[in-house]
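Q:
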Amino acid sequence: MMPIRWMRIFCVVFVLCAGAVLAQAADEAAAESAPGRTMARQATQDVQGWTTVDHSRLDALKKPFASGKQVTEACVSCHSEAASQFHQTIHWTWLGTEPDAEKRMGKAGDSLNNFCISANNMQDKSCNACHPSWNGQGTEGEVNCLVCHGRQQINWTEAFDDLNAFSGSDDPEEQQIVADIQADIQQAVQSVILPARENCGSCHFYGGGGDGVKHGDLDSSIAQPPKSLDVHMGVDGKNFQCTRCHTTVRHNVAGRIYSRPAAADRKSLIEDDLTAKITCESCHSATPHKAGSKANDHTDRVACQSCHIPLFARQNPTKTWWDWSKAGTLQDGKKYNEKGEFGKEVYMTIKGEMKWEKDVKPEYFWFNGSMNTLTIKDFIDPEKIVAVSAPVGSREDKNARIFPFKIHGGKQPYDTVQKVLLAPMLSGKDGYWETLDWQNAIEKGMQALNASYSGSFDFVETTYAFPITHMVAPRDNVVRCAECHTGQGGRLASLTGFYMPGRDRTGWIDTLGWLAVLGALAGVALHGLGRAFSRKGGKES
Amino acid sequence: MAENLTQIYLYTRYERFWHWFQAAMIVVLLITGFEVHGLFRLVGFDLAVRVHNFVGIAWLIAFAFFVFWVFTTGEWRQYVPTTQKMFAVVRYYAYGIFRGEAHPVPKRKDAKHNPLQRLVYLMLAATLLPVQMFSGFLYWGYNSWADWGLDWLSLEVLALVHMAGAFSILVFLVTHVYMTTTGHSIFAHTRAMITGWEGIEEGEVQDWERPVKPTCET
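So this is what it looks like as structure tokens:
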């Protein structure tokens, strides 16, 4: 009788255990094929690049070129609308599309940042190094199509200067130089491609005047990144180019954020096959994790980036602090630079004090896709830290989600009378970098913007926010639940106004509860002791 | 004392299974629940959440079977509260037990619970556990509140109710485990809940313990 009974119990236990193990294995198998991953893979099958044009065989590109303008004319001789299309885009105008008569958003307008502060109405010429025109001429010049579409980047200004200097010479050596330069130019002109990471990166990796200064999730490490740095762009992975997500319509590249979000709707390609692929959800859907996963319950209020980009600046350091008020100190009567632990400048006479960080944990804010950026016309409260750029959104905003940001701090000049931020001229003979004279640089800079200046300035601490969306980490490195669901300094510790399990608790119920439990324990302990002693006593009597 | 005991088969197989199954689920839910609440780190937050959700839903389903069993077998009568002998039982645990007196209400096949147990178990099975299961279910369905027309609910308040329930159950658990040692021997009641056989002292069946005759027995 007994053995059969035990056999029965054993069988039941065995079946239960086996079931549990099988369920776990099925879970793991399902994780491999999380639906959002499968969908994205289907949406981005490897494209075999093909084109009906071999630019090296076009007569228009075989002729000699004496200037950038001639190159543009050659491009436009076939692509008749390309330049006029491009002239309408923010890449060319550097102006936001928001119609606001009072304030012109954008670098070329009244917008400010806490890096080089302002482009001074495009008159701070050093900024034009990144304008996609020939020789940094800005919107006055012609479009240099090859900034974005050239595989081979050469120093165009130098090449054309040398070419024009030596052409017409009788010296056979100089004629040879001319022929060599012309060959280089033609080769570069003929190697036309769709924009690659290096093309976009030639400006976007170096924003703010150096590698990794601005973004934190975009720097030269993204040019040829390993998959561990970015799962999408990794050369040992999907090897996406920027344009895989930053889809383009009439040369308008998706993804720019000012007061308008990069994407108005959260749509997947299933809902709209022509939608921009700029959001994660475009390819991965709004419920990308396996069915029943708690992570899917988060996607309504937590952006994918919040968990999938645990740290940014994982390979190269990024600048996190820029104090202009420290600028101007000389060493032995000369301007000097000082480098810090990452081999990056921590002090420059012309720029001030800087801090760099690597493997930076983002800060998290509610974000509906719009940024609020200050202009020279916005009043500030110099008693507080001024947010030159800050995400817009709140928990009450249905379109807002918790999103990761890089916050760049610093100090920059403001008008102590008019209570506005100031835009000093930096480059050029009157610029601060030459003169180290703030008063003069500010006057010149504000004049360029047709803005008034009281003549009295001081420095105020400011912050600038960058949404973090690149450097998506491999699945195994995602932010763990307990990094936010914890009462001890979690990633979301500063976001208040809502109850979060594991982070928040109602103190008095815990106190009351534990008092009750302790009371029960004490009660039964006393009762038990009473029994032990009284029974012993009872037996003896 | 032991020589006076009569062995009776008090707990059926399903009752025993349900008791221990529910006990195990409650212990797992308490441990994982307190971990989710952030009191300690044992299995990790995400595993604790997954286990808590799985076991919680399993409990809800299994409880439905228990409710079915209670009503189809007529065992619900064991939970009908009474004030008779209540004072005697309270007096026994507060005083008589220390003097080695006999329990005023020995167990019977058709009266497994003394008046105090009837009251406590009724509160437990009809109020505390359902409140805990219901608040847990709502907590679990947080993302569907808008669909269910419950978006006026506050997660903070619900979490508070669920925590209060958890503490109440823990208090019950402590007391209950202790009370199992008050039988004829320390493990007598525990053994009974495993084997089904409880040793009871001979005694007369109280009137109130007699089963109510069902009016239409099938």
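In the order they appear, the protein sequences are chains S and C.
All residue numbers for the first sequence refer to the numbering used here, where the first residue is 433 and numbers rise by one.
All residue numbers for the second sequence refer to the numbering used here, where the first residue is 8 and numbers rise by one.
No residue lacks a Cβ here, since even glycine has one placed at the ideal position from N, Cα and C.
1) Straight-line CA distance for ARG5 (chain C) to VAL904 (chain S)?
2) Kindly list the residues whose CB is nearer than 6 Å to the CB of TYR896 (chain S), restricted to its own chain and excluding five residues on each side of it in sequence; keep chain order.
3) Alpha carbon to alpha carbon, how far is SER488 (chain S) from TRP566 (chain S)?
4) Name, please, each residue of chain S whose Cβ falls closer than 7 Å to the Cβ of PHE4 (chain C).
5) Check the Cβ-Cβ distances between THR182 (chain C) and every residue of chain S, and say whether any is below 9 Å.
6) So with CB distances below 7 Å, who are the chain S contacts of LEU162 (chain C)?
7) With 9 Å as the threshold, decide whether the Cβ of ASP942 (chain S) is near any Cβ in chain C.
8) For LYS843 (chain S) versus THR805 (chain S), is the C-beta distance shorter than 9 Å?
9) Checking the sheet assignment: what are the DSSP bridge partners for GLN763 (chain S)?
10) By DSSP's criteria, PHE835 (chain S) is part of a beta bridge. Which residues make up the other side?
11) Do you know whose CA, among S:TRP438, S:ALA914, S:SER926 and S:PRO899, lies nearest ARG688 (chain S)'s CA?
12) Against chain S, which members of the stretch 130–158 of chain C pass a CB distance test of less than 7 Å?
13) For GLU972 (chain S) and chain C, any beta-carbon pair shorter than 9 Å?
14) On a Cα-Cα basis, can you pick out the residue from C:ASP117, C:TYR185, C:ARG57 and C:LEU12 that is closest to GLU82 (chain C)?
15) In three-state DSSP terms, what is SER826 (chain S)?
16) Hey, is HIS196 (chain C)'s beta-carbon within less than 9 Å of any beta-carbon in chain S?
17) Cα separation between THR848 (chain S) and THR807 (chain S)?
18) Nearest CA to the CA of LEU180 (chain C): which residue from S:GLY960, S:HIS959 and S:LEU953?
19) Closer than 8 Å between beta carbons: that is the criterion. Which residues of the stretch 906–917 of chain S meet it against chain C?
20) Secondary structure at GLY687 (chain S), three-state DSSP: helix, strand or coil?
21) Roughly how many angstroms separate the alpha carbons of LEU177 (chain C) and HIS721 (chain S), rounded to a whole number?
22) Buried or exposed: PRO836 (chain S), going by 16 or more other Cβ atoms within 10 Å of its Cβ?
23) Kindly list, in the order they appear in chain C, the residues whose Cβ is closer than 9 Å to that of THR525 (chain S).
24) Considering only their Cβ atoms, is the gap separating TRP756 (chain S) from PRO845 (chain S) smaller than 9 Å?
25) Measuring CA to CA, which of S:ARG912, S:PRO742, S:SER926 and S:TYR864 is closest to ARG827 (chain S)?
26) For the putative contact between ARG106 (chain C) and SER966 (chain S), defined by C-beta atoms under 8 Å, what is the C-beta separation to the nearest angstrom?
27) Look at the alpha carbon of GLU505 (chain S) and the alpha carbon of HIS511 (chain S), and state the distance between them as a whole number of angstroms.
28) With respect to the beta strand (DSSP E) encompassing ASP603 (chain S), which residues constitute its N-terminal and C-terminal limits?
29) Who are the neighbours of VAL503 (chain S) on chain C, taking C-beta pairs under 8 Å?
30) How many whole angstroms separate the CB atoms of CYS577 (chain S) and CYS507 (chain S), which I take to be in contact at a CB cut-off of 8 Å?
31) Tell me the DSSP secondary structure of TRP482 (chain S) in three-state form.
32) In chain order, what are the residue ranges of uninterrupted beta strand (DSSP E) at least 3 long that sit wholly in the stretch 855–902 of chain S?
33) For the beta strand (DSSP E) containing TRP753 (chain S), list its first residue and its last residue.
34) On the DSSP letters alone, give me the boundaries of the beta strand (DSSP E) that GLY206 (chain C) sits inside.
35) Mind listing which residues of the stretch 45–63 of chain C have their C-beta closer than 7 Å to chain S's C-betas, in chain order?
36) Taking C-beta pairs closer than 7 Å, name the residues in chain S that VAL178 (chain C) reaches, listed in chain order.
A: Considering the structure as presented:
1) Chain C is shown from 8 up to 225; residue 5 (chain C) falls before or after that span and cannot be answered.
2) ASN545, ASN546, VAL820, SER821 and HIS840
3) 22 Å
4) With chain C covering 8 to 225 only, the question about residue 4 (chain C) has no answer from this structure.
5) yes
6) TYR931
7) yes
8) no
9) S:LYS766
10) S:PHE797
11) S:PRO899
12) ASN150
13) Below a pLDDT of 50, predicted positions are generally treated as unreliable, and GLU972 (chain S), at 37, falls in that range; the measurement from the model is reported next regardless. Not one chain C Cβ lies under 9 Å of GLU972 (chain S).
14) C:ASP117
15) coil
16) no
17) 16 Å
18) S:LEU953
19) ARG912, CYS913, ALA914 and HIS917
20) coil
21) 35 Å
22) buried
23) Result: empty, since nearest Cβ-Cβ is about 42 Å, beyond 9 Å.
24) yes
25) S:SER926
26) 7 Å
27) 10 Å
28) From DSSP, ASP603 (chain S) is part of no beta strand (DSSP E); its letter is neither H nor E.
29) Ordered by position in chain C, no residue passes the 8 Å Cβ test against VAL503 (chain S), which lies about 56 Å from the chain.
30) 5 Å
31) coil
32) 889–899
33) 750–755
34) 204–208
35) GLY45, GLY51, PHE52, ASP53 and VAL56
36) ALA948, VAL949 and ALA952
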